[in-house]
Every structure is written in C-alpha cells, then in structure tokens.
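**Q** Each number in the numbering used here comes from the position in the sequence shown (counting from 1) with 30 added on. Cβ atoms here follow ideal geometry from the backbone N, Cα and C, with glycine treated the same way. Just so we're clear, the structure is a prediction, and the values are computed from it rather than from any experiment.
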Amino acid sequence: MQRRSFLRNASLATGAFALSNYKSFAFRPDDPWKTKTLRNNVGIFTEKGGTIAYLLDKKGIVVVDAEYPEQATHLITLLKGQSPAPFEMLINTHHHGDHTAGNISFKGITQHVSAHTNSKANQERVAKEKKTEDQQLYPDITWDDNWHYKIGHESIRTHYFGAAHTNGDAIIHFEHANIAHMGDLMFNRIYPFIDKSSGASATNWMTVLDKAMQTFDGETVFVFGHGANIDKVTGTKQDLKSMKNYFEQLFDYTSRQMKAGKTKDEIVKATILPNVDDWKDDFKILPTNLGIAYDELGGK
Ligand SMILES: [Zn+2]
Ligand SMILES: [Zn+2]
C-alpha cells in the first residue's frame with residue numbers, strides 16, 4: 031500500500047526551508063509503530079521520525095537513532111520485552127531532532143551514547159538556540175573518522191565521509207549482519223533536505239554516496255533515515271545510485287539554466303526536476319535545493 035509521507039507545519043519561509051519546520055513526519059499520523067527483523071538479530075523500528083535500527087545480542091542491546099521521546103519509550107518497552115540484555119549503546123547517525131530528540135528517553139537506561147564530533151556539536155548548538163538543553167541526552171563517546179565497537183557476536187563500525195546532509199553524518203555498519211544504517215544520507219525517493227545551517231554540502235553528498243557504494247557490497251542491506259513509503263526505508267546499492275542521480279540531475283539542470291543566462295530567482299521557480307521521475311517532492315523543497323545547487327556552482 032502506498033502511504034503518503036507528510037510534514038507537519040511545512041512551509042517555505044523567504045525561499046528557504048525553515049529548519050524549525052523540519053520537525054516530524056510519519057507515514058500517517060495515526061500509524062502505530064512497526065518493527066521488522068532484517069538479518070540475524072538486527073531489526074528496524076519505524077513510527078515517527080528517522081528510521082531506528084537495533085541489535086539484540088545476548089551481551090547487550092545497541093540502538094541506532096532515537097526518533098522522539100514518546101517513540102523511543104515505545105521502542106525501549108518493546109525491546110525489554112524481547113531480551114533481558116542491558117542497553118549498552120545508543121548511536122546517533124546525526125544531530126537532527128527526528129533522530130536525537132528521543133535520546134532523553136534512554137537516560138539512565140543506556141550505558142553510552144556515541145556520535146560523530148560534529149553531530150554532538152550540532153546537537154548542543156541547536157538545543158541552546160531552542161532552549162531545550164534540559165531535554166537532551168548528549169553523546170559521551172565521540173569520534174572524527176571511523177569508530178569500532180564490538181559486542182557479543184556483532185562488530186559495529188562507523189564511517190564518516192565528510193559533509194553531506196549536515197557536516198556530521200555517519201554510516202553505522204553492523205559488519206557481521208552486513209547492515210548499514212545510512213541515516214539521512216538517504217531520503218529514498220523523496221527530495222532530500224540539505225541543511226546548510228549545519229554545514230551541509232550537496233556537492234560532497236555525491237562523493238559520500240560514491241564512497242558508500244565502494245565501501246559496502248552487493249549483499250549489504252541499507253537502512254534509510256527516510257523513504258517515500260514504509261517499503262522504501264530499506265534497500266540496496268541501487269537506491270544509493272538513484273539518490274546520486276537525483277543530485278546529478280539537480281546540478282545538471284541548474285547549470286544548464288545558468289548557462290542559458292537565467293537568474294537565481296528564475297531558476298528556483300521550477301516546479302519539476304527532469305529525469306527523476308520516481309522521486310517525490312514531499313517537502314516542497316525543490317526551490318531550496320535549486321538555490322543550493324546555484325550557490326554551490328558559484329552563482330552570484
Ligand atoms: Zn531525518
Ligand atoms: Zn536529518
């Protein structure tokens with residue numbers, strides 16, 4: 031069944047996508063949570079916000095991303111019912127609220143919270159700006175490049191390939207199960223949010239996807255932060271290739287318009303991006319993304 035993604039209070043403010051509006055979306059407001067085992071003892075949880083992955087090992091439970099406090103509580107209750115093992119590690123793919131607001135529900139429950147240095151810095155900065163510092167559980171383990179963590183039969187490695195959706199997006203790989211959580215490096219079949227206020231780079235995002243395609247193999251199951259519907263929150267390298275194509279088309283289109291002498295104001299008025307037919311603009315974000323492509327191409 032096709033489910034419509036939606037964004038609450040979505041709006042375009044002065045031509046820029048307002049970060050404060052990027053709060054929450056679910057496949058439907060009344061959808062209950064869902065879980066699915068992907069491979070071995072690794073599964074995903076979806077309710078509202080970015081897809082969560084979890085590992086249930088006898089030695090301990092590992093969770094990747096936390097959605098919102100209420101959703102995190104649902105997940106914790108569910109996993110406690112499935113395993114007596116302790117919650118050892120919560121890993122954040124990046125700082126956005128739809129992935130870290132639920133961290134607070136793990137306070138006193140998880141031994142550690144782990145994230146890229148930039149992810150932690152962004153989480154702290156945004157919490158200060160929004161005056162929500164008392165609602166945060168910050169990472170106590172941070173790293174700049176790769177980080178490795180072994181638990182029971184599973185081995186977890188993080189990969190950081192530079193700025194993309196923000197300047198702090200890491201890929202979390204369950205090496206034994208061969209499952210890679212891409213966080214918001216993947217908006218599968220929906221136009222992606224490029225968070226320039228957090229150091230994003232659309233240009234480097236293509237390189238990051240290339241590096242991910244080189245790093246993982248044909249057997250890797252990928253978990254995506256967001257998808258056009260519930261069946262699209264996991265996938266394969268083909269989906270990464272399709273996302274890279276989205277950016278290539280975005281830059282190709284913008285550059286052709288620039289060469290034709292169009293101004294930025296004229297370019298961002300486009301309502302459709304050619305050659306990305308199976309991608310949807312659920313967030314009405316095309317004007318913003320065209321403007322970003324214009325700026326990154328050196329437009330004045
Ligand atoms: Zn997200
Ligand atoms: Zn995000």
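Hey, would you say the C-beta of Gly132 is under 7 Å away from at least one heavy atom of ligand 1?
**A** No, Cβ of Gly132 sits at least 7 Å from all heavy atoms of ligand 1.
**Q** Short check: CB of Val93 to CB of Leu120, under 8 Å?
**A** Yes, the pair counts as a contact, with Cβ atoms nearer than the cut-off.
**Q** Quick check on DSSP: helix, strand or coil for His203?
**A** Here His203 sits in strand by DSSP.
**Q** Alpha carbon to alpha carbon, how far is Thr76 from Gly111? Give it in angstroms, no decimals.
**A** Cα-Cα distance, rounded: 17 Å.
**Q** With contact counted as at least three CB pairs below 8 Å, one residue from each stretch, are the region 264-271 and the region 301-312 in contact?
**A** No, the region 264-271 is not in contact with the region 301-312.
**Q** In three-state DSSP terms, what is Leu362?
**A** Examination of residue 362 is not possible in this model, given that the chain is present from 31 through 330 alone.
**Q** Only counting runs of 3 or more residues, tell me where the beta strand (DSSP E) segments fall wholly within the region 225-273, in order along the chain.
**A** Correct list: 251-253.
**Q** What whole-angstrom Cβ distance do Leu327 and Ala300 have, given they're in contact under 8 Å?
**A** 15 Å between Cβ atoms; not a contact.
**Q** Going residue by residue through the region 81-165, where are the continuous beta strand (DSSP E) segments of at least 3 residues, counting only ones entirely within it?
**A** For the region 81-165, whole beta strand (DSSP E) runs of length 3 or above, ordered along the chain, are 82-87, 90-94, 117-121 and 142-146.
**Q** Whose C-beta lies closer than 7 Å to the C-beta of Lys226 among residues of the same chain, with five residues either side of it excluded?
**A** Answer for Lys226: Ile322, listed in chain order.
**Q** Find the nearest neighbour of Asp312 within the set Trp235, His126 and Gly257, judged by alpha-carbon distance.
**A** Comparing Cα-Cα distances from Asp312 to each of Trp235, His126 and Gly257, the minimum goes to Gly257.
**Q** Should Gln232 and Ile201 be called a contact, given that it needs their Cβ atoms to be closer than 8 Å?
**A** Checking the sequence, you will find Ala at residue 232 rather than Gln. Taking 8 Å as the Cβ cut-off, Ala232 and Ile201 do not qualify as a contacting pair.
**Q** For the alpha helix (DSSP H) holding Glu77, just list the boundary residues, first then last.
**A** Segment: none, Glu77 is in no alpha helix (DSSP H) and carries neither H nor E.
**Q** Would you call the CB atoms of Ile209 and Ala96 closer than 8 Å?
**A** No; because the gap between Cβ atoms is not below 8 Å, this pair is not in contact.
**Q** Using only the heavy atoms of ligand 2, determine whether one of them is closer than 7 Å to the beta carbon of His124.
**A** Yes, the Cβ of His124 comes within 7 Å of a heavy atom of ligand 2.
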